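Encoded as structure tokens, the structure appears first; notes follow it.
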Amino acid sequence: MDAAHAPVITAPRQRGLTLIELLVVIVVAGILMGWAVPGLQAMNARQEVVAEAHRLRMALSLARNSAITRRSTVVVCPSPDRQRCHMDDWSAPLVIVLGPLSGDDFAPDALLRVLEGGRGVSVSYRQDGKPVRFTPLGRSSGHNGTFRICGRHGQGAELVLSNFGRARAGNAIDC
């Protein structure tokens with residue numbers, strides 16, 4: 001056998017990480033996670049507030065459109081049990097009801113839609129105990145006001161309902 005064509009035998013190469021390399025990677029990953037997690041939590045809190053504002057706006061728009069198309073009064077109110085309105089907790093599931101309420105009660109067949117409640121946010125509305133009511137013309141005269149949406153980490157927003165029944169985003173607020 002010729003020396004130019006002889007097989008070359010090399011020592012097997014070791015693969016893997018040393019303990020020091022592994023510890024350096026773990027420390028760097030820990031530092032990056034400690035830096036990124038609070039930012040992710042704040043972003044998640046902002047997103048919860050935005051999602052709740054969207055849910056409220058969708059409920060109000062759907063109720064207004066239903067009042068106009070059905071030519072009837074339509075009411076939006078929070079209802080944890082889906083049987084009667086409880087005006088103290090607007091973060092509960094929202095019900096859209098056809099026709100005026102009888103006190104805080106509504107007939108089960110008058111229920112048009114239920115929008116599930118948000119998580120991690122609190123929503124407040126006027127303290128007069130009135131639901132939002134839309135007339136057959138789509139107006140909410142006397143039932144207008146401002147929703148205050150407060151999430152975790154002091155994140156918050158406002159949703160303003162005008163006399164004409166239109167909802168618009170208000171200012172960002174600190175809760």
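Numbering of the sequence shown is given in UniProt numbering, commencing with residue 1 and proceeding in unit increments. Think of the CB as a built atom: it goes at the ideal place given N, C-alpha and C, for glycine as much as any other residue. All of these numbers come straight from a predicted model, not from anything done at the bench.
S122 and C150 look like a contact to me (Cβ under 8 Å); what is the Cβ gap, rounded to whole Å? Walking along the sequence shown from the start, residue 122 turns up at place 122. Walking along the sequence shown from the start, residue 150 turns up at place 150. Right, their Cβ atoms sit about 5 Å apart.
Would you check if the region 68 to 80 and the region 121 to 135 touch, i.e. whether three or more CB-CB distances between them fall below 8 Å? For the pair of segments examined, the region 121 to 135 was found to touch the region 68 to 80: the number of CB pairs separated by less than 8 Å reaches three.
Chain-order list of residues whose beta-carbon lies under 6 Å from that of A172 (same chain, five-residue window excluded): Residue 172 sits at position 172 when you count from the first residue of the sequence shown. Residues of the same chain with a CB within less than 6 Å of the CB of A172, apart from the 5 flanking positions on each side, are A157 in chain order.
Closest to N163 by CA distance: which of L60, Q155, P100 is it? Along the sequence shown, one-based indexing puts residue 163 at 163. Looking at the Cα atoms, L60 is the closest of the given residues.
If Q47 and H153 are in contact, beta carbons under 8 Å, what's the gap, nearest whole angstrom? The residue given as residue 47 occupies position 47 in the sequence shown. The residue given as residue 153 occupies position 153 in the sequence shown. About 12 Å; that fails the 8 Å criterion.
Is the CB-CB distance between G117 and P78 below 9 Å? By 1-based counting over the sequence shown, the position of residue 117 is 117. By 1-based counting over the sequence shown, the position of residue 78 is 78. One thing to note: G117 has its Cβ within 9 Å of the Cβ of P78.
Simplified DSSP assignment, three categories, for L19: Here residue 19 corresponds to residue number 19 of the sequence shown, with the count starting at 1. Here L19 sits in helix by DSSP.
Whole-Å CB distance - Q155 paired with V49, under 8 Å assumed: Locating residue 155 in the sequence shown gives position 155, where the first residue counts as 1. Locating residue 49 in the sequence shown gives position 49, where the first residue counts as 1. In this structure Q155 is in contact with V49, their Cβ atoms being roughly 5 Å apart against a cut-off of 8 Å.
Give me the DSSP bridge partner(s) of T146. The residue labelled residue 146 in the question sits at position 146 within the sequence shown. Answer is V160.
To which residues of the same chain is L62 closer than 7 Å at the C-beta, ignoring the five residues directly before and after it? As a position in the sequence shown, residue 62 is number 62, starting the count at 1. Same-chain partners within the cutoff: I96, R113.
Does the distance from the CB of G138 to the CB of G165 come in under 9 Å? The count along the sequence shown starts at 1 and reaches residue 138 at position 138. The count along the sequence shown starts at 1 and reaches residue 165 at position 165. Result yes, Cβ atoms of G138 and G165 sit closer than 9 Å.
The beta strand (DSSP E) that contains D174, what's its start and end? The residue labelled residue 174 in the question sits at position 174 within the sequence shown. Element bounds for D174: 167 to 174.
So, with DSSP's three-state summary, where would you put D88? If you number the sequence shown from 1, residue 88 lands on position 88. Coil, per DSSP.
If you check the beta carbons only, do M87 and G34 fall under 9 Å apart? Numbered from its first residue, the sequence shown carries residue 87 at position 87. Numbered from its first residue, the sequence shown carries residue 34 at position 34. No.
When DSSP labels each residue in this structure, what does P78 get in the three-state scheme? Within the sequence shown, numbered from 1, the residue matching residue 78 stands at position 78. Here P78 sits in strand by DSSP.
With S102 as the anchor, note down where its beta strand (DSSP E) starts and where it stops. Your numbering for residue 102 matches position 102 in the sequence shown. It is not in any beta strand (DSSP E) - S102 carries neither H nor E in the DSSP assignment.
Report yes if the CB atom of P80 is closer than 9 Å to the CB atom of P93, and no otherwise. For this step, residue 80 is matched to residue 80 along the sequence shown. For this step, residue 93 is matched to residue 93 along the sequence shown. The answer is yes: Cβ separation under 9 Å.
In whole angstroms, what separates the C-alpha of G120 from that of T18? Translated into the one-based positions of the sequence shown, residue 120 becomes position 120. Translated into the one-based positions of the sequence shown, residue 18 becomes position 18. Their backbone Cα atoms lie some 44 Å apart in a straight line.
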